[in-house]
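>
In our numbering, the protein residues as written are 1 to 72.
1) Following the continuous alpha helix (DSSP H) through residue 6, name the residue where it begins and the one where it ends.
2) For residue 45, does the three-state DSSP call read helix, strand or coil?
3) What's the C-alpha gap between residue 42 and residue 53?
4) For a quick check, are the C-beta atoms of residue 5 and residue 19 less than 7 Å apart?
Structure (structure tokens):
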């Protein structure tokens, strides 16, 4: 994440303190996601956990890649 910090800071136009808060929040949610993935893996198995994660990633990446408006 340290390599992405300057780009995030430039894009969001935030101070160093705000950048550290954003990075901390990202790491906190990564920790929660890892815990949830472990519990899901124990519950439904590794293969289905990977399929679920891939589906969530696909939906998220598609929503980021789609244009906010369509040309007229």
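Here a beta-carbon is modelled for each residue, glycine too, at the ideal position from N, C-alpha and C.
The answer reads as follows:
1) 5-12
2) Residue 45 falls in the coil class under three-state DSSP.
3) 14 Å
4) yes
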